[in-house]
Amino acid sequence: MDAFKEDLEEAEEEAVEEEVIAETVFEAEKPENTGTCYLLSVSYNGRVGKALIKLYDPEKGKIYFWYDNTGHKPYCLTNASIDELRVNPAIIGYEGYDHLEAVKKYDPLKDEEVTMTKIVVNNPLAIGGGPKGGIRELLPAAWEARVKYHNCYIYDAGLIPGMPYRVKDGKLVPEGWGLNIDTPSPIKGELQDELVKEWFMVLQQPAPDIRRAAIDIEVASPAIDRVPNPSEAEYPIISVAIASSDGLNKVLLLKRGEEELKEKALNGVRLELLEDERKLIEETFKVLNDYPLILTFNGDNFDLRYLRNRAQKLGFPKASIPIVLGKDTALLPIGVHVDLYKFFHNKSVQVYAFGGKYREVTLDSISEALLGYKKIAIDKLVSELTYEELATYCYRDAKLVLDLTTFQNSLLIKLIVMFMRISKLPMEDVTRQGISGWIKNLLQFEHRRRNYLIPRPEDILTSKGGAATKALIKGKKYMGAIVLEPKPGAYFNITVLDFTSLYPSILKTRNLSYEVINCPHKECRSNIIAGTPHWVCVKRRGLTSTIIGMLRDFRAYWFKPKSKDKSLSQEVRSWYSVVERSLKVILNASYGVMGHENFPLYCPPAAEAVTAVGRYIISRTIDKAKELGLEVIYGDTDSIFVLNPREEDVEKLAAWVEEELRVDLDVDKKYRYVAFPKLKKNYLGVLEDGSVEIKGMVGKKRNTPEFLKIAFSELIGILASVHSQDEFVQAKEKIRSIVRDCYSRLKGRKYTLDDLAFKVMLSKSPKHYVKTTPQHVKAAQQLANIGKRVEAGDIIAFVKVKGPIGVKPLPLARIDEVDVDKYIGHLRTTFEQVLEALGIGFDEVLGLKRLESFF
DNA sequence: GCACGCCTCCAGGAG
DNA sequence: GTCTCCTGGAGGCGTGCC
Numbered sequence: 002m003d004a005f006k007e008d009l010e011e012a013e014e015e016a017v018e019e020e021v022i023a024e025t026v027f028e029a030e031k032p033e034n035t036g037t038c039y040l041l042s043v044s045y046n047g048r049v050g051k052a053l054i055k056l057y058d059p060e061k062g063k064i065y066f067w068y069d070n071t072g073h074k075p076y077c078l079t080n081a082s083i084d085e086l087r088v089n090p091a092i093i094g095y096e097g098y099d100h101l102e103a104v105k106k107y108d109p110l111k112d113e114e115v116t117m118t119k120i121v122v123n124n125p126l127a128i129g130g131g132p133k134g135g136i137r138e139l140l141p142a143a144w145e146a147r148v149k150y151h152n153c154y155i156y157d158a159g160l161i162p163g164m165p166y167r168v169k170d171g172k173l174v175p176e177g178w179g180l181n182i183d184t185p186s187p188i189k190g191e192l193q194d195e196l197v198k199e200w201f202m203v204l205q206q207p208a209p210d211i212r213r214a215a216i217d218i219e220v221a222s223p224a225i226d227r228v229p230n231p232s233e234a235e236y237p238i239i240s241v242a243i244a245s246s247d248g249l250n251k252v253l254l255l256k257r258g259e260e261e262l263k264e265k266a267l268n269g270v271r272l273e274l275l276e277d278e279r280k281l282i283e284e285t286f287k288v289l290n291d292y293p294l295i296l297t298f299n300g301d302n303f304d305l306r307y308l309r310n311r312a313q314k315l316g317f318p319k320a321s322i323p324i325v326l327g328k329d330t331a332l333l334p335i336g337v338h339v340d341l342y343k344f345f346h347n348k349s350v351q352v353y354a355f356g357g358k359y360r361e362v363t364l365d366s367i368s369e370a371l372l373g374y375k376k377i378a379i380d381k382l383v384s385e386l387t388y389e390e391l392a393t394y395c396y397r398d399a400k401l402v403l404d405l406t407t408f409q410n411s412l413l414i415k416l417i418v419m420f421m422r423i424s425k426l427p428m429e430d431v432t433r434q435g436i437s438g439w440i441k442n443l444l445q446f447e448h449r450r451r452n453y454l455i456p457r458p459e460d461i462l463t464s465k466g467g468a469a470t471k472a473l474i475k476g477k478k479y480m481g482a483i484v485l486e487p488k489p490g491a492y493f494n495i496t497v498l499d500f501t502s503l504y505p506s507i508l509k510t511r512n513l514s515y516e517v518i519n520c521p522h523k524e525c526r527s528n529i530i531a532g533t534p535h536w537v538c539v540k541r542r543g544l545t546s547t548i549i550g551m552l553r554d555f556r557a558y559w560f561k562p563k564s565k566d567k568s569l570s571q572e573v574r575s576w577y578s579v580v581e582r583s584l585k586v587i588l589n590a591s592y593g594v595m596g597h598e599n600f601p602l603y604c605p606p607a608a609e610a611v612t613a614v615g616r617y618i619i620s621r622t623i624d625k626a627k628e629l630g631l632e633v634i635y636g637d638t639d640s641i642f643v644l645n646p647r648e649e650d651v652e653k654l655a656a657w658v659e660e661e662l663r664v665d666l667d668v669d670k671k672y673r674y675v676a677f678p679k680l681k682k683n684y685l686g687v688l689e690d691g692s693v694e695i696k697g698m699v700g701k702k703r704n705t706p707e708f709l710k711i712a713f714s715e716l717i718g719i720l721a722s723v724h725s726q727d728e729f730v731q732a733k734e735k736i737r738s739i740v741r742d743c744y745s746r747l748k749g750r751k752y753t754l755d756d757l758a759f760k761v762m763l764s765k766s767p768k769h770y771v772k773t774t775p776q777h778v779k780a781a782q783q784l785a786n787i788g789k790r791v792e793a794g795d796i797i798a799f800v801k802v803k804g805p806i807g808v809k810p811l812p813l814a815r816i817d818e819v820d821v822d823k824y825i826g827h828l829r830t831t832f833e834q835v836l837e838a839l840g841i842g843f844d845e846v847l848g849l850k851r852l853e854s855f856f
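With this note's numbering as the guide, the letters of the first sequence map in order to residues 2 to 856.
And the structure:
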């Protein structure tokens, strides 16, 4: 209930945000004819009362505006008849009410055509979301009333953000989509040709590069590591750095006292000293208005917010400030603002698009992982730096942000454009929303395209029911995947087989989608999903099954193989690799959102049907493998580890799987050897090329102290060089010396506090830990006691010490109070995980008894 | 009073 | 604010022993 209320409030905020745009008077050119442009953004302009489209002209590097001229208006649907509504004064007398229309829609839950009434209004707030509640609150039942107007406009106009368009005689038309393109045959299947063709054009179309500038500001804060409050904006902005893709690289500095600049430029970056802060801000606004794309890192909540509020404080007229603040956003009237913090924060982007290369979502951590260089470290207040030091520091941040979008041929821009096209979201939205927002919008677009009524979440739940299986873990909603018990030990020549995109394949081949599972037809009830009481419709194809299945096929049969096809040019291959990665992000989340309560198409039976089929598929495959004489050592969800198989047996198995289970089974990789401890989700393997893969083990976890990580990686280095059983014996000796060395350095307190620190993230603010007080929270509390601010997302570094509390944060700890025995315990668990798999005892390696006599 | 076992919470990972 | 499964470590509580 609370969550529902919060959602309501949020929806209100966002709708109000659309209105706020009315305050600004900024306009870009609105030509009657343009060349080929890219659709970056769709929003609602309250002042004009129309949908506003921002087009990017790559030739000129600038933005054009195009306002809707088709007369499209906001609306919602209801099941009340026109006659009933016509006599309802609350509705027809509502401010902004326009007219009523009878419309026919296909209701996917009922599988029948229904007649609905469309209530059309003159501004989005009349439907809902404003302070007055809107018409949707007055109706007994409303459909599609929570779809944001700009998204509704995209659906109805069939617009695809990120695709090329042009304005021709005042009309917005698609341009250069490659209409004569041939769709690859493996994908067509029973799908409608038109659908496949459009999607293929959309994926195939290369993405533009976009002229852009990154900005970063510094504020004269009176205290070190105390971030100034952007709502107050009480301290002066002392520098603004701009790093751009078109050669404008400069730092604006606020003049203090009599001090003059020593240099006019530093490494090609122009330095400009400005007499007063108003001028500095005005110069910054010029940049904001000039560039089609402005990049920041946390600009929504800091840089742009501060700039806006500071300008207001200094007396700028509201309408002259080119920054529009929302509850959690800072948008631009002309160009588009992308806050990279928000984009990199997206878990799917982090894990699937960037392979988990960065772990903390900070500019330092991301840039180091992706670019190989990072922020400049300073140990005093920014206001105490010389002009040159300040400029260097500030510019570095802007440059990092820019480079994050330029590296690998503007990979990031291309990914964003692909995500826009797939999700049908404007650039501002796609970079700020999570994966569920993307998939929601993608599916709603496809509903509207087919004239499907978008169902209300409560109707899906009541007509489809809840989950029938029980999760293994307490508190989870339904049962998930199978993880096999590994057979502990080291094995040579292991082949890993995996089902390509298992869950998306299941969605496709089992026809899983919210509307077709537990469908209303009697004759479908016998088409049961094994392991569940649910049945699936045999009369029609589900929407999710169709769309996700098609995207899966595009990736598996076209973009992924083509991205590795050496006969294609490097440029084409790298484009296909971008597409393939974007599809992977969508595919990997497509099943998860069905099991997510806040997803508007939440459907527990569909989610659990996917995992049930997954369990069925891996179990049957393992049985068949055994029957063929293959030895399965381990498996997890969609993979099986087979010991030294004959190629023809693998082929036989794959053929059987395809025929019998209707999924693809492929060789994923081959290990020279793999070592399994007793534990699930833990192993260490050396691939044929000598590269090492470590899964799950504590030695590679982020929060593990550095000294253990180092010792662990030395151990890995030794194991990587092992080629045969005999070499293990020599390896053992080397391992022994590592462990002993570690042990004696611990005992002798030779490590620094840094080496020994556990670095654990506060997942919430310290006061929200009510059930227990974990160690990192205890350390955080001690930091708070000495006046340091600690909040959710901070990484707390602490060491374990002797005494009642047991931990101290790094700044308060001394090396002599460290609890050495605790650390030896950690040394033990870290190494035992690996050694156990190799049949070596930890105590045996250490020679514990003898060694201890030395101390 | 205090070991001890048992359960829960939390962070971080695999897939 | 996709999902479930799995692990290590600590916190917290009840029980039985001295």
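Note that CB positions come from ideal geometry on N, CA and C, so glycine has one too.
query, result
"Distance CB(Asp365)-CB(Lys358) smaller than 8 Å", "no"
"Cβ-based burial, Val228 [other Cβ within 10 Å; buried from 16]", "exposed"
"Contact set for Ala242: own chain, Cβ-Cβ below 6 Å, skip 5 residues either direction", "Asp217, Val252, Cys395, Tyr396 and Ala399"
"Sheet register partners of Val252 (DSSP bridge)", "Ala242 and Leu272"
"For Phe677, the residue or residues it bridges with in DSSP", "Gly490"
"Separation of Thr407 from Pro293, as counted between CA atoms", "16 Å"
"Exposure label - Gln571; buried when at least 16 CB within 10 Å", "exposed"
"For Lys119 and Tyr76, believed in contact at Cβ under 8 Å, the rounded distance", "5 Å"
"Of the residues Phe344, Asp304 and Gly356, the one placed nearest Val325, counting alpha carbons only", "Asp304"
"Assigned secondary structure, Ala392 (DSSP; H/G/I helix, E/B strand, else coil)", "helix"
"Cβ neighbour criterion (16 or more within 10 Å) applied to Leu444", "buried"
"Straight-line gap, Thr330 to Glu845 (C-alpha atoms, nearest Å)", "59 Å"
"Cα-Cα separation between Lys471 and Ile530, rounded to whole angstroms", "16 Å"
"Rounded straight-line distance, which links the Cα of Pro775 to that of Lys760", "13 Å"
"Which of helix, strand or coil DSSP assigns to Thr297", "strand"
"Among Leu255, Pro237 and Leu289, the one whose alpha carbon lies nearest that of Ala244", "Leu289"
"Three-state class that DSSP yields for Trp439 in the structure shown", "helix"
"Paired residues, beta bridge with Arg311 - DSSP", "Paired residues: none, contrary to the question."
"Candidates Val43, Pro521 and Gly36: closest to Asp430 by CA position", "Val43"
"Whole beta strand (DSSP E) elements within the segment 763-837, 3-residue minimum", "796-801 and 808-810"
"CA-to-CA distance, Thr501 to Ala607, given in whole angstroms", "20 Å"
"Where Leu473 falls, given that 16 or more other Cβ within 10 Å makes a residue buried", "exposed"
"Exposed unless 16 or more other CB atoms sit within 10 angstroms - verdict on Pro223", "exposed"
"Option nearest Trp559 by Cα separation, candidates Phe201, Glu33 and Asn46", "Phe201"
"With 16 other Cβ atoms within 10 Å as the buried cut-off, status of Leu451", "Looking at the sequence itself, residue 451 is Arg, so the reference to Leu does not match. Exposed, because fewer than 16 other Cβ atoms sit within 10 Å of the Cβ of Arg451."
"Gly700 versus Pro805 - alpha carbon distance", "28 Å"
"Inter-stretch contact at 8 Å, needing at least 3 Cβ pairs: the segment 495-512 / the segment 590-600", "yes"
"Sequence-distant residues of its chain with Cβ nearer than 8 Å to Glu233 (five each side left out)", "Asn310"
"Per-residue DSSP class, three states only, for Asp329", "coil"
"Beta-carbon separation (whole angstroms), Pro162 vs Leu262, contact threshold 8 Å", "Incorrect: roughly 44 Å between the Cβ atoms, too far for contact."
"Residues bridged to Glu30 [DSSP beta-bridge criterion]", "Tyr65"
"Contact check, Pro810 vs Leu784, beta carbons under 8 Å", "yes"
"Proximal residues to Pro165 (C-beta, below 6 Å), its chain only, five neighbours per side dropped", "Thr37, Tyr39, Glu176 and Gly177"
"Buried/exposed call for Ile130, threshold 16 Cβ in 10 Å", "The sequence shown places Gly at residue 130, not Ile. With 16 or more Cβ atoms within 10 Å of its Cβ, Gly130 is classed as buried."
"Endpoints, alpha helix (DSSP H) assigned at Thr622", "Pro605 to Glu628"
"Rounded C-alpha distance that separates Ile22 from Ala312", "Annotation note: pLDDT 44 at Ile22 (below 50); position unreliable, coordinate value reported separately. Between Ile22 and Ala312, the C-alpha separation is close to 17 Å."
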